[in-house]
Amino acid sequence: MTPNNLKYHRILPLGHYKVFSDEPSSEVIRVKQVHSADLINLNNSNVTSKIECDGIIFDLDKVVGKSIAITTADCMPILFLGPKKGVFLHAGWRGLAKGIHLHDEIKKITPTYCLIGPSIKVQSFEVQEDFKTYFSDTEFFKESGDKLFFDLAAKAKKDIIKAYDNILLEVVDECTFEHDKYHSYRRDKTKQRNWNIFHL
């Protein structure tokens with residue numbers, strides 16, 4: 000029986016990716032996300048929700064039966080999987096500008112697969128002119144009338160394909176702002192979050 004709070008489920012090449020509208024009843028591994036470009040290794044640290052960073056590195060054989068969580072409310076959940084390790088990121092525009100998705104620790108796992116989960120899409124992510132100071136790639140800015148929009152997912156996708164050879168990249172084409180089943184800070188100024196879960 001599918002839980003009422005399960006809003007998305009994808010079977011991955013290895014494991015499962017799910018999105019819940021509130022915290023799952025089962026125990027999860029998570030950190031305190033702060034829009035940084037910092038990662039923590041699950042093997043080397045006692046990871047708790049008080050540790051401030053925006054990515055978790057883990058050995059696949061050591062997380063069997065465990066759930067790793069990234070919470071979002073418009074930002075991108077980005078999951079990388081390699082032959083033996085994985086990395087799960089929280090990447091908003093600040094993290095993207097800081098290059099969290101290109102972190103050296105991700106390169107070390109030799110990722111072969113990447114999934115970008117539900118997040119705000121270009122048609123809903125309006126920005127101001129000064130936003131251009133954070134991103135030099137003008138191709139990801141879209142103008143509509145007197146409004147300016149930025150394509151976070153397209154920027155992340157281009158960077159990831161360029162940085163990691165032969166990676167299979169998939170993007171969930173659902174906008175958190177437009178789909179009421181997801182929490183969206185930009186839409187509702189909510190404190191609630193989408194719980195993005197990876198488990199084997």
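The sequence shown: position 170 = 169 (numbering that gives the first Met the number 0), numbered continuously. All C-beta atoms in this analysis are idealised placements derived from N, C-alpha and C, irrespective of residue type, glycine included.
Note to self: Considering only their Cβ atoms, is the gap separating tyrosine 112 from proline 2 smaller than 8 Å?
What the structure shows: no
Check: Quick one: what's lysine 148 bridged to in DSSP?
Finding: The question names lysine, yet the displayed sequence has phenylalanine at residue 148. According to DSSP, which records beta bridges pairwise, phenylalanine 148 is partnered with Glu125, Lys141.
Note to self: Since valine 126 and glutamate 104 should fall inside the 8 Å C-beta cutoff, what is the C-beta to C-beta distance between them, to a whole number of angstroms?
What the structure shows: The pair is not a contact, with the Cβ atoms about 29 Å apart (cut-off 8 Å).
Item checked: Neighbour-count burial assignment, serine 118, 16 or more Cβ in a 10 Å radius -> buried
Margin query: Quick check: the Cα distance between asparagine 4 and aspartate 73, rounded to an integer number of angstroms?
Written below: 18 Å
Check: Would isoleucine 10 be called buried (16 or more neighbouring beta carbons within 10 Å of its own) or exposed?
Finding: exposed
Check: Would isoleucine 108 pass as a contact of lysine 156 if the rule is Cβ separation under 8 Å?
Finding: no
Margin query: Just to confirm, is the Cβ distance from lysine 65 to isoleucine 28 under 8 Å?
Written below: yes
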